[in-house]
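Undergrad:
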Amino acid sequence: MQSASTVRGRGSGRGRPWGGRGRGRGRGSAATSTGSRSTVLSGKVSKTATSAKTGTKTVPRGALKKPRGSRGGKRQEKPTLLDVPSLYAGDVIRDAQGNENKPDQPTFTAKQKGVALKQLVASVPQELKKTAQTDKRYLLDASKAFTGRGSARADGHGGWHIKGMKSSLKHYQLLGAAFFRQRESGLEKPQGGLCADQMGLGKTVMMLANIINGRRLKGESGPKTTLIVASPALLSQWHGEILKHCEPKYVGKILKLYGPNCKIESSDPKQVIEDHDIVLTTYGAVRKSYPKIETPLELQTSKEKSKWYQTYFHTHKGPLHQASFLRVVLDEAQAIKNHKASTSLSCRALVATHRWALSGTPVQNTLQELYPYFKFLRVPHTGSFRIFKHNFVEGGTPEQMDRLMIFLKRFMIRRTHLDTMFGAPLLKLPKATEKVQWLDFNDFERNIYEIVRKRIVARINGFAKRKELDKHYSNMFVMLLRLRQMTGNILMVETCMKDLLEREDLEKLKELAEAERHKKNVPIRQQQIRMLRESLAQVQSKNEAAPTAESLNGQEDTTAGASRSEAGGSSSQFGGNRSEAGSSRHGMHFNFQQYLDNLRNDSKWEELASRTVCARCSDVPTDPWFTSCYHIYCKVCIESLIAEHKRSEREESEEGSPTDEEKLPRCLACSDNIFTHKPCDDSEACKLALTSGDESDLDDPMPNARAKGKEKEKDWIDLSTKDVLPSAKTLAVKAQLLNWFDVKGDKKKPKVIIYTQFINMIRILAKMCQVEKWDCLLYHGSMTFSARDKVIEEFGKSPTKNILIASLKCGGIGLNLTMASKVICIDPWWNDAIEQQAFCRVFRMGQENETHLTRLLVKRTVDENMHDMQQRKKAEIDEIMGENSKHRRKLTVMELLQLFGPVEEDAEGNPFIMVENKDPLINPQADSDDEGMGDEI
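Residue 1 is where the sequence shown starts when you use the UniProt record's numbering, and the numbers rise one by one after that.
(1) Which residue from Gln526, Val613, Ser185 and Met819 puts its Cα closest to that of Asn849?
(2) May I ask which residues mark the beginning and end of the alpha helix (DSSP H) holding Gly193?
(3) Using the C-alpha atoms, what's the distance from Met486 back to Tyr449?
(4) Could you check which residue in Gly240, Gln757, Phe590 and Ala838 has the C-alpha nearest to that of Lys722?
(5) List the endpoints of the continuous beta strand (DSSP E) containing His472.
(6) Which value, in whole angstroms, describes the spacing of the CA atoms of Trp238 and Val743?
(7) Mapping the DSSP letters down to three states, classify Gln76 as helix, strand or coil.
(8) Kindly examine the ligand FAD and report whether one of its heavy atoms sits closer than 6 Å to the Cβ of Thr131.
(9) Would DSSP call Thr226 helix, strand or coil?
(10) Check for me: the beta strand (DSSP E) holding residue 938 runs from which residue to which?
(11) Considering only the beta carbon of each residue, do Ile632 and Pro621 sit closer than 7 Å?
(12) Report the option in Val752, Gly814 and Ser324 whose CA atom is closest to the CA atom of Leu777.
(13) For residue 938, report the span of its alpha helix (DSSP H) as first-last.
(14) Look at the alpha carbon of Ser648 and the alpha carbon of Ile674, and state the distance between them as a whole number of angstroms.
(15) Whole angstroms is fine: what's the gap from Asn475's alpha carbon to Val493's?
(16) Going by DSSP, name the residue or residues bridged to Ile792.
(17) Which residue marks the beginning of the alpha helix (DSSP H) containing Leu765, and which one marks its end?
(18) Pick from Gln198, Pro248 and Ala357: whose alpha carbon is nearest that of Arg94?
(19) Identify, in the order they occur along the chain, each residue of the same chain with its Cβ nearer than 8 Å to the Cβ of Arg788, setting aside the five sequence neighbours on each side.
(20) So within the region 807-840, which uninterrupted alpha helix (DSSP H) runs reach at least 4 residues, ignoring any that extend past its ends?
(21) Taking the C-alpha atoms as reference points, what is the distance between Cys667 and Leu641?
(22) Return the Cβ separation of Ala209 and Leu175 in integer angstroms, given the expectation that the two are a contact with Cβ distance under 8 Å.
(23) Looking at C-alpha atoms only, which residue of Ile451, Gly462, Gly148 and Ser671 is the closest neighbour of residue 940?
(24) Can you tell me the Cα-Cα spacing of Leu257 and Tyr283, whole angstroms?
(25) Does the distance from the C-beta atom of Asn213 to that of Ser151 stay below 7 Å?
(26) Quick one: what's got a C-beta closer than 6 Å to Asp331's C-beta in the same chain, skipping five residues either side?
(27) Figure out for me which residue from Glu835, Leu856 and Val636 has the closest Cα to the Cα of Leu731.
(28) Report buried or exposed for Asn261, applying the criterion of at least 16 other Cβ atoms within 10 angstroms of its Cβ.
(29) Taking Ile753 as part of the beta strand (DSSP E), name the residues at either end of that continuous run.
(30) Distance check for Gly98 and Gly846, CA to CA, integer angstroms please.
(31) Excluding the 5 residues flanking Leu255 on each side, which residues of the same chain have their C-beta closer than 6 Å to its C-beta?
(32) Using the three-state DSSP reduction, which class does Val436 fall into: helix, strand or coil?
(33) Rounding to the nearest angstrom, what Cα-Cα distance links Lys102 and Ala142 in this structure?
(34) Starting from Phe626, trace the beta strand (DSSP E) in both directions and tell me its first and last residue.
(35) Between residue 938 and Leu320, what straight-line distance do the alpha-carbon atoms span, to the nearest angstrom?
(36) Could you pull out every residue in the same chain whose Cβ sits closer than 8 Å to the Cβ of Lys189, ignoring the five residues on either side in sequence?
In structure tokens:
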């Protein structure tokens, strides 16, 4: 039975001493493991030597040899600080719930270290005394790892004071900071590491303790500057944390190289940087400092290229790459996970004695993502990407996992909310709960979703028939993106609908919209809101996550809704009239007719929408142009048509003068004269007809990326002058907010963060809040950095601004938002690591209230397929972690196809997506007995 008091987590084979210089690191070596037959490639040698006489293998040159055991005596046990399985399958809420019933960390009142440690042991139950003695020894050793006599002392309040710090460290933070100090003061490479502690455990404070204790003393030679790289929002937070936790005289001079201060006004910017003690800058600034490399074509050999590169780089590198740093700290270091990207390359090129990467989610898909961390940290024997994969990833053998563990134990620290010390969780936070709320579309939403899905599936099946699935991989992702947007609100896919829908679809939607508009649906909508509130008020159990969880029909008839409420006996608590269901009108009406009218009244679109092939070559237009009669041609085709007409005109002119009409070419599609022809880029109508959509609707984390000076065209969201068109998810958001804001007495309303991946969904939610008279703030990538800082400040201070609508990319990583306690996630991500990152903006050190995460998913849509994929990934990880790792970096074509629906093969063996018939297009005029006889998809 494992000791409850040792710092631990899930998984076997864990363990990395916080200190020591590699003495007794384990039974295997970095190069070999017992019984392993695999060849290990090092950065210098790519094969193993074999003895001709004995047949035994020798360790390759450049690889680490098997370490010797300690000389004499029992090897001293060290605390284990590495939970590798949680890199993949960590679940913050589940981990925290696993420790709910355990006590808080023991405390002490003494300021003398020895007495304080004795008080810690004395305060634990008798059955934990033995292991508490071990934890006591860990803390004592950790307190000695800091530079300077008495630098780490007991503060008399259960914490540890580091000289130069205003704030004290918790027990586990002392171990973490000591690990940092041991890596930097030791001789073993790398003299830095990867801190992958789960979100909310205080990585920033531990690193600040390391920076303060590890600063250069007066008279010491060498660089003194610490460079901290993060997003602009996080840099503002870092600056605030430095001022909050550190004594000014120990910090020194701080240089802010971001936002309006991103340029150094000096003839010697390198010297300016090196004169400061701490420099705060962005990944973008590091990229800008890294010269763009375009190798001349005349250089053929690797030796020539290498020689040229060295000269070119040193001549053109910017000030951040000219300077020498004492240490470089990458916050949210998953930014470098693409080892070929300029962000990763530019960060690896920085010059520093110590290198640190901080990330609560360093691995999101595959262990291959560890490679850029190895390269940035300068881990010995890493080699090329090919060598790294050969040694650690490809094949997924137990030997490779053992080898990777041995490497990671040297320089990586990973603790979770499930880990314990002295029999108690490392950090006890107020209770955290989660609910996965499954929703149903109403009839109109379901039908329009299935129509669009049908058209998308037809296109993809066309790719399959032409054996072009691999070629159109990215296009399929865009189509999947459109389906994901539709689960949020159908207004987000206006352009996609104009591209895909045909006349028969419009007629069907016209009938459905007309029937929906004339329904007396206010009572139905009120009932739906009440039922949503009832369902959302039921906190989901730990293991409930499947679509079988309680869900609500998007539209039930009045009788069915009433009977369900009566059976539940609880609807009265949520009110029985409109004012109680919602303070205003959002969701009380569903009128899509205005959007159909807008679509149908666009005469240019109507003519262009049915003509998406070149009128001359009958192929998809290349560099499309449109004529005065609104037919589409390839540029080459229209030019050829005009040239041929001119030749014919010259020949006919010899027989007589042509008329005005004869001077003009005729359209091959309608025989009208072509008066003008223009590129489609000049026509918004043509764009609407031809665009297949891209990911421009995704929030961009960097402002000013789009062209300036272009006035945004009005779209369907702008068309909503009063209430925006409701959807299954906006109604669920409203119901959840009503529950949370329904407070009694003097109790304050909680602050809520709503995360979405799409900028247009932010606009829709903002309109909903406006209708409901709820003050809200927006936070997304189109805002300037200073505007984002002001929003966070106002959200924390304003007593009336209780809602923050944020993009998942921009507001879901790194920020400290403990002023909020409730989170709603609108859209699922490919894995739940990003969603957990978002929730941990509120579930973290400093949170004083109970927290809750609500995730909204629509049944029988791409939401359900993505959720199932998340669960499959979790199950596979739980099964194989510690044994092998065969996870792919990206989805296969088949996995991507399966997100659209069931996949089979045709007679020729080509995969195609089966079109399901379980969701008929409901005929609004049909009797209940005939409802199933409507048109089916």
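Where is the CB? At the ideal position from N, CA and C, for every residue including glycine.
TA: Judging by the given coordinates:
(1) Comparing Cα-Cα distances from Asn849 to each of Gln526, Val613, Ser185 and Met819, the minimum goes to Met819.
(2) Taken as a continuous stretch (DSSP letters only), Gly193 belongs to no alpha helix (DSSP H), being part of the beta strand (DSSP E) at Gly193 to Cys195.
(3) 7 Å
(4) The residue with the shortest Cα to Cα distance from Lys722 is Phe590.
(5) Premise fails: His472 is in no beta strand (DSSP E) and is neither H nor E.
(6) 35 Å
(7) Unreliable positioning characterises Gln76 in this predicted model, as indicated by a pLDDT of 48, which lies under 50. The coordinate reading is nonetheless provided below. Looking at Gln76 - three-state DSSP - the assignment turns out to be coil, as it is neither helix nor strand.
(8) For the structure depicted, the ligand FAD is absent and the ligand set is empty, with no information on it obtainable.
(9) The answer is strand: DSSP assigns Thr226 an E or B state.
(10) Past the boundaries of the shown model lies residue 938; the chain is included only from 1 to 937, so the question cannot be answered.
(11) Yes, the Cβ-Cβ distance between Ile632 and Pro621 is below 7 Å.
(12) Checked all of Val752, Gly814 and Ser324; the closest Cα to Leu777 is Val752.
(13) Because the chain in this structure spans residues 1 to 937, residue 938 falls outside the shown range and cannot be described.
(14) 16 Å
(15) 16 Å
(16) Ile792 is not bridged to any residue.
(17) Ile759 to Val771
(18) Of Gln198, Pro248 and Ala357, the residue nearest in Cα terms is Gln198.
(19) Pro232, Ala233, Tyr779 and Cys810
(20) Taken in chain order, the whole alpha helix (DSSP H) runs of length 4 or more contained in the region 807-840 are 808-811 and 833-839.
(21) A straight-line Cα-Cα distance of about 9 Å links Cys667 and Leu641.
(22) Their Cβ separation, rounded to whole angstroms, is 11 Å, which puts Ala209 and Leu175 out of contact at 8 Å.
(23) This structure leaves residue 940 out entirely; the chain is present only between 1 and 937.
(24) 11 Å
(25) yes
(26) Ala230, Leu234 and Leu358
(27) Leu856
(28) Classification for Asn261: exposed.
(29) Val752 to Thr756
(30) Using only the alpha carbons, I get a separation of about 20 Å.
(31) His276 and Val279
(32) strand
(33) 25 Å
(34) Note, Phe626: beta strand (DSSP E), Pro624 to Thr627.
(35) Beyond the ends of the chain as shown, which are 1 and 937, falls residue 938; an answer cannot be given.
(36) Answer for Lys189: Arg378, Val379 and Pro380, listed in chain order.
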